[in-house]
Amino acid sequence: MAYYRQLGEVPPKRHTQHRTPDGGLYYEELMGEEGFSSDSSLLYHRHIPSAVLDAQDWPLGDIRTSPNHPLRPRHLKLHELTQGQDWKAVDAVTGRRLALGNGDVRLSYVAAGEPSPLYRNAIGDELAYVESGAATVQTVFGQLTARTGDYVLLPRATTHRWVPDAETEPLRLYVIEANSHISPPRRYLSKYGQLLEHAPYCERDLHGPAAPLLADPAEEEVEVLVKHRSSRGELVGTRYVYPHHPFDVVGWDGCLYPYTFNISDFEPITGRIHQPPPAHQVFEGNGFVVCNFVPRKVDYHPLSIPVPYYHANVDSDEVMFYCGGDYEARKGSGIGQGSISLHPGGHTHGPQPGAYERSIGAEFFDELAVMVDTFAPLELGEGGQSCEDPGYAWTWSRRQPL
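Read left to right, the sequence shown gives residues 1 to 402 (full-length UniProt numbering).
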């Protein structure tokens, strides 16, 4: 995280006594990354945060993946996963369907209307993009308001729950689950962590909690779902029962906390000729980067071709989630709102037939998409296999395979 914040009651000196009004002690918890060697925050609890009453298995559902073999570009229609579904009975944690994944990152989708269980991911940070709808995200640090277009970044092991504002429409989330931390790109940061002048956003665009969130102290025996790894490296889940609600933090300070960033606050970097995807980068994690393509003026060289040139991702798989506007390069492919395209390393890809020529003379693109580039091949999850358009790979040649 780029900067320090303090909320609620904290003592003037860290690791010293912090007394309750009746003379007892609050319990200090250090939540930190990389073994005390990176960003951290200190949280002050009413109760001992380590106390649990029970621990049971929590089955994670179908998280198996299958290789992309034979190697093909893929089109996944994520909205098909929720057709006919009673979204008001689905929550944003247990209702996720895995579309794509590898050892570094998993990409899931959900349309939810029910408050989720209390949950934390002990494997890595989660970055949820709100395609549509709104929610309150209650966390141990305080609560966030999430709206359409928000990225919601939840640091590893942050206890939280999603409460959709779902009277008329579901909360639609595209969830990026890392096996690492997620942060702004290093090239945007000073050596001390400040976002620099050439960055396409700054600290004013990041919105953390405004105040501590304290549950009713009488609420007892609360369940929390935890996603973690087994000793064999497998993804597993545990259902804890706590004697007190984990939302008992009276104050905290530090540089590690959840926040939101709205895609409309990203200031696009443009040029005379086509800018490569790193110009659109917004976050990075181990083994992947996140970019967003927003409405923008396009290339202004008199001979420019505004849509992307054809390219072979030698070192990466490219995943685009189409979440608004009119994506010029994909016209004629069947891709629309809620689609994912997967263009794997080893496959040359680019604009659909006719888009290259049609883009000449364009001055503005009204498009909205979230891109994840991974540096290891992605496999298809259960959700991705359930909503694939089988004809997408042949749309450049306009014929079916032999």
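From the three backbone atoms N, C-alpha and C, an ideal C-beta is built for every residue, glycine too.
### Task
With DSSP as the reference, please indicate the residues paired to residue 281 in a beta bridge.
291
### Query
Does the beta-carbon of residue 77 have 16 or more other beta-carbons within 10 angstroms, so that it is buried, or is it exposed?
The residue in question, residue 77, is buried, as its Cβ has 16 or more Cβ neighbours within 10 Å.
### Message
Does the segment 209-228 come into contact with the segment 20-29, if we say contact requires no fewer than three beta-carbon pairs (one atom in each stretch) closer than 8 Å?
### Response
no
### Message
I need the DSSP call for residue 382, collapsed to helix, strand or coil.
### Response
helix
### Message
Is the beta carbon of residue 287 closer than 7 Å to that of residue 39?
### Response
no
### Message
Please report the distance separating the alpha-carbon of residue 407 from that of residue 157.
### Response
As displayed, the chain neither begins before 1 nor continues past 402, which places residue 407 out of reach and without an answer.
#### Entry: Closest residue to residue 396 among 73, 229, 161, 202 (Cα-Cα distance)
73
### Query
For the beta strand (DSSP E) that residue 29 lies in, which residues bound it at each end?
27-32
### Task
Specify the secondary structure class of residue 178 as computed by DSSP and reduced to three states.
If DSSP states are grouped into helix, strand and coil, residue 178 belongs with the strands.
### Query
Between residue 252 and the rest of its own chain, which residues show a CB-CB distance below 8 Å, the 5 nearest in sequence each way excluded?
6, 7, 8, 10, 41, 42, 43, 44, 141, 212
### Task
Have a look at residue 320 and residue 28 and give me their C-alpha separation to the nearest angstrom.
Looking at the two C-alpha atoms, the distance is approximately 42 Å.
### Query
residue 274 and residue 291: beta carbons closer than 7 Å?
no
### Task
Spell out a yes or no on whether the segment 380-398 and the segment 357-364 are touching, meaning 3 or more CB-CB pairs, one atom from each, closer than 8 Å.
no
#### Entry: Nearest-angstrom Cα separation, counted from residue 224 out to residue 236
14 Å
### Query
Under the DSSP definition of a beta bridge, which residues are partnered with residue 135?
DSSP output for residue 135 lists 146, 164 as bridge partner(s).
### Task
In the DSSP assignment, find the alpha helix (DSSP H) that holds residue 358 and state where it starts and stops.
Residue 358 -> alpha helix (DSSP H) spans 355-358.
### Message
Please report the distance separating the alpha-carbon of residue 121 from that of residue 300.
### Response
45 Å
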